[in-house]
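Protein chains in written order, with the numbering used here: chain Z, 17 to 128; chain H, 477 to 594. Cβ atoms here follow ideal geometry from the backbone N, Cα and C, with glycine treated the same way.
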């Protein structure tokens with residue numbers, strides 16, 4: 017049931033854009049995105065809900081394709097601080113079931 | 477607020493020893509979770525508790541047991557530790573689900589417990 021993320025890793029220069037994808041073989045109720053710096057706990061970025069309005073902040077946004085059970089995270093004009101590992105977490109089926117399963121992560125490196 | 481507190485932060489065990497990892501949250505959250513993180517494997521769900529009094533298996537429950545002691549505390553026990561259980565363990569919590577405020581219901585993670593089993 018673990019969602020699949022792509023790419024597994026990417027290296028960009030500061031100011032470039034990045035797209036990270038997350039797909040599931042199951043019907044999704046919600047998709048969560050988190051970022052983790054090395055040696056630290058994951059930090060919440062945003063939630064996308066089936067049938068709900070997208071929420072994002074700063075230059076980070078995301079989309080949720082309900083038909084394809086896919087989500088994409090968009091990082092615009094990347095900054096050095098965007099480096100880290102990004103995880104998508106998915107909830108399947110039942111509203112409020114609260115079972116959140118994460119993908120294997122995408123390691124993003126932003127160079128000056 | 478402390479948020480989610482995990483103890484201990486580091487631990488080294490010998491194969492066959494038992495241990496309990498402790499987790500407590502002070503945010504009055506309903507749901508609590510245990511994940512393990514291994515290189516290249518992401519965060520894998522071990523057990524979760526959607527509400528006080530309930531616990532359910534996640535993706536990798538074998539070799540572990542959990543106890544939801546009360547609304548604040550959720551412990552993870554290794555009865556007979558094995559080298560394959562060497563990992564970083566994260567506890568997380570989340571408030572009661574409310575669709576009207578779905579964007580404001582993230583999981584909050586503790587700082588993790590780094591466990592090595594020799």
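Among the bridge pairs identified by DSSP, residue 562(H) is matched with none. In the structure shown, residue 510(H) falls within a strand segment according to DSSP collapsed to helix, strand and coil.
Within the same chain, 524, 568 come within 6 Å of residue 509(H) by CB-CB distance, once the 5 residues on both sides are set aside.
No Cβ-Cβ contact shorter than 8 Å links residue 100(Z) with residue 24(Z).
In this structure residue 489(H) is in contact with residue 557(H), their Cβ atoms being roughly 5 Å apart against a cut-off of 8 Å. Rounded to whole angstroms, residue 57(Z) and residue 83(Z) show a C-alpha spacing of 32 Å.
Closest in C-alpha terms to residue 591(H), from the list 478(H), 479(H), 484(H), comes 484(H). For residue 65(Z), a Cβ of chain H is located within less than 8 Å of the residue's own Cβ. The beta carbon of residue 116(Z) sits closer than 8 Å to some beta carbon of chain H. Approximately 27 Å separates the beta-carbon atoms of residue 39(Z) and residue 95(Z); this is outside 8 Å, ruling out the contact. Taking 8 Å as the CB threshold, residue 495(H) stays off the interface with chain Z. The residue among 93(Z), 128(Z), 59(Z), 28(Z) with its C-alpha nearest the C-alpha of residue 103(Z) is 59(Z).
If the five residues before and after residue 28(Z) are omitted, its C-beta is found closer than 8 Å to the C-beta atoms of 34, 94, 124, 125, 126, 127, all from its own chain and listed in chain order. With a cutoff of 8 Å on beta-carbon distance, residue 521(H) and residue 566(H) are scored as not near each other. Beta-bridge partners assigned by DSSP to residue 49(Z): 62(Z), 104(Z).
DSSP, reduced to helix, strand and coil, places residue 39(Z) within a strand of the structure shown.
For residue 98(Z), no beta strand (DSSP E) run applies, since DSSP gives it neither H nor E. Residue environment analysis places residue 491(H) among the exposed positions, since fewer than 16 neighbouring C-beta atoms fall within 10 angstroms of its C-beta. For residue 517(H), there is no enclosing beta strand (DSSP E), as DSSP marks it with neither H nor E.
Linking residue 89(Z) to residue 64(Z) through their CA atoms gives a straight-line distance of about 11 Å.
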